Every structure is written in structure tokens, then in C-alpha cells.
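K.L.:
Residue numbers (this note's numbering): 12 to 208.
Yeah, the Cβ is synthetic: ideal placement off N, Cα and C, and Gly gets one too.
Because the structure is a prediction, the values reported are computed rather than measured.
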């Protein structure tokens, strides 16, 4: 009896379907991995960037505050720092006898343009609330950095800090009486007023 063997070349239908299924699964996993890496990169970048902006704003605000409160020209002048509620405004304004509503510190930041928009916008919105401890002459603050580009309205970073005001009770330094008031017991806006008379 003679046996005849047929040569099998190519793939059967079952093998082809199995190969296609494996390729599809691997491709889906790769796409998901690429998207996850991209999102992770953007999230990390935005977190780092928002933290940098918060620290820059804090440092600028502290320096501007101290320069006005401790400068040589403070005698017989009045400064009021108005910090609006974080829901309504991102401005920190300085009121003086000579100049009204001048920014205490204006953060210079890059503007970005979203797709399908022609007007550039600030990448971050800065909101700030603060407190005043009269016993230690310390201004404490909380800065909220809000995303205005990728996910508008989302708070990306919260930065807490504070600084002491040296020589506040030193009359020889100011050459006059000093009154300090703070109208923000609930950390919800108000003003810190320094009056050098």
C-alpha cells in the first residue's frame, strides 16, 4: 500500500484569524500605552509648571509687599492690599494715597492660543487668599493655580506660604504710629492695611 503526503503551504483559516486577533490585541495595548505615556508627560509637565508659577507669584508678592511696607518712603502714607475672593478675581491690588488700584505684583506669564480660538489667553489663572496674625506680624497666604488651557477651571496647584514683616512695631524705623487691620477672618478676601502716620 502506497501512502501519499500532501504538502501544506500557507495558513489555514483558523491560523489566519488567530494571527489577526493577536495583532489587534497587541496594537490596542501599544496605542493605550502610548496615550498613557503622553498623558502622564503632560500631567507631570503641568504639575511642575503650575508649581513654578505658584512659587514665582509668592516670591514676587512677598518682595513687593515688603518693599512697600518697609521702604524709606512709608512715612505718612497709606497702603491697602486688596485681595479679592478667589471665585471672583485674580488681582491683588495696591491702593495708595497717590495711586489707585495699581497691582502689587503682576505676574508676567506666557499666553497660549487654543485650537479653534484666535485670541490668546493666559495659561494659568492665579487666585489668592490670605490671613494676618497680628501677634507675630506674619502674613500667611494660599495661592491657587487654575488651569486655563488644557482643563479650564481645574485647580492644578495649591501653594501655602507666609512671611513676617520685620520692624513693624519699630517706631524709630517708621518714624510714626502704625495701625494694621485685616478684614478677612474667613480667608475669603478683604484687605491688609498699613497706615504710617
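Go ahead and pull the three-state DSSP assignment for residue 164.
P.N.:
Position 153 of the chain shown holds residue 164. In this structure, residue 164 counts as coil in the three-state DSSP scheme.
K.L.:
Determine, using beta-carbon pairs with one atom in the stretch 133-140 and one in the stretch 149-158, whether at least three such pairs fall under 8 Å.
P.N.:
The stretch 133-140, when compared against the stretch 149-158, does touch it at the 8 Å Cβ threshold.
K.L.:
So, helix, strand or coil for residue 137, using DSSP?
P.N.:
For the purposes of this step, residue 137 is identified with residue 126 of the chain shown, where counting begins at 1. Residue 137: strand per DSSP, three-state reduction.
K.L.:
Assuming residue 129 is part of the beta strand (DSSP E), what are its boundary residues?
P.N.:
Counting from one through the chain shown, the residue named residue 129 turns up at place 118. Note, residue 129: premise wrong, no beta strand (DSSP E); not H, not E.
K.L.:
Among the residues of its own chain, which have a CB less than 7 Å from the CB of residue 73, if the five just before and after it don't count?
P.N.:
Position 62 of the chain shown, counting from 1, holds the residue named residue 73. Once the five neighbours on either side are set aside, the close Cβ partners of residue 73 are 174.
K.L.:
Which of the three DSSP states, helix, strand or coil, is assigned to residue 33?
P.N.:
Working through the chain shown from its first residue, we reach residue 33 at position 22. Looking at residue 33 - three-state DSSP - the assignment turns out to be helix.
K.L.:
Would residue 160 pass as a contact of residue 126 if the rule is Cβ separation under 7 Å?
P.N.:
The residue given as residue 160 occupies position 149 in the chain shown. The residue given as residue 126 occupies position 115 in the chain shown. Contact: no.
K.L.:
So what's residue 154 in DSSP terms, helix, strand or just coil?
P.N.:
Indexing the chain shown from 1 puts residue 154 at position 143. Strand, per DSSP.
K.L.:
Strictly by DSSP, which residues pair up with residue 69?
P.N.:
On the chain shown, residue 69 is found 58 positions in, with the first residue counted as 1. Beta-bridge pairing links residue 69 to no other residue.
K.L.:
Closer than 6 Å by C-beta to residue 97: which residues in its own chain qualify, once you throw out the five before and the five after it? Chain order, please.
P.N.:
As a first step, residue 97 must be located in the chain shown, where it is residue number 86. Confidence is the limiting factor: at residue 97 the pLDDT is only 37, short of 50, which leaves the residue's position unreliable, though a coordinate-based value still follows. Excluding positions up to five away in sequence, the list reads 138, 140, 155.
K.L.:
Going by the beta-carbon positions, is the gap between residue 69 and residue 168 smaller than 7 Å?
P.N.:
The sequence position of residue 69 within the chain shown is 58, counting from 1. The sequence position of residue 168 within the chain shown is 157, counting from 1. Not in contact: residue 69 and residue 168 (Cβ atoms no closer than 7 Å).
K.L.:
To the nearest angstrom, how far is it from the Cα of residue 163 to the Cα of residue 146?
P.N.:
Your numbering for residue 163 matches position 152 in the chain shown. Your numbering for residue 146 matches position 135 in the chain shown. Spanning the two alpha carbons is a distance of roughly 39 Å.
K.L.:
Quick check on DSSP: helix, strand or coil for residue 171?
P.N.:
Here the question's residue 171 lines up with position 160 in the chain shown. Note: residue 171 maps to strand in three-state DSSP.
K.L.:
Can you name, in chain order, every residue of its own chain whose Cβ lies under 8 Å from the Cβ of residue 124, other than the five neighbours on each side?
P.N.:
Stepping through the chain shown from its first residue, residue 124 is reached at position 113. Excluding residues within five positions, the ones whose Cβ falls inside 8 Å are 130, 131, 132.
K.L.:
What is the rounded straight-line gap between the Cα of residue 56 and the Cα of residue 67?
P.N.:
Counted from its first residue, the chain shown places residue 56 at position 45. Counted from its first residue, the chain shown places residue 67 at position 56. Each residue's alpha carbon lies about 16 Å from the other.
K.L.:
If we cut at 7 Å on Cβ distances, does residue 153 have a partner in chain C?
P.N.:
The chain labelled as chain C is not found in the depicted structure, where only one protein chain is given.
K.L.:
Using only the alpha-carbon positions, how far apart do residue 71 and residue 47 sit?
P.N.:
By 1-based counting over the chain shown, the position of residue 71 is 60. By 1-based counting over the chain shown, the position of residue 47 is 36. Near 36 Å, if we compare the C-alpha coordinates of residue 47 and residue 71.
K.L.:
Compute the Euclidean distance between the alpha carbons of residue 30 and residue 40, then round it to the nearest angstrom.
P.N.:
Residue numbering aside, residue 30 sits at position 19 when the chain shown is read from its first letter. Residue numbering aside, residue 40 sits at position 29 when the chain shown is read from its first letter. Between residue 30 and residue 40, the C-alpha separation is close to 16 Å.
K.L.:
So what's residue 55 in DSSP terms, helix, strand or just coil?
P.N.:
Walking along the chain shown from the start, residue 55 turns up at place 44. Residue 55: helix per DSSP, three-state reduction.
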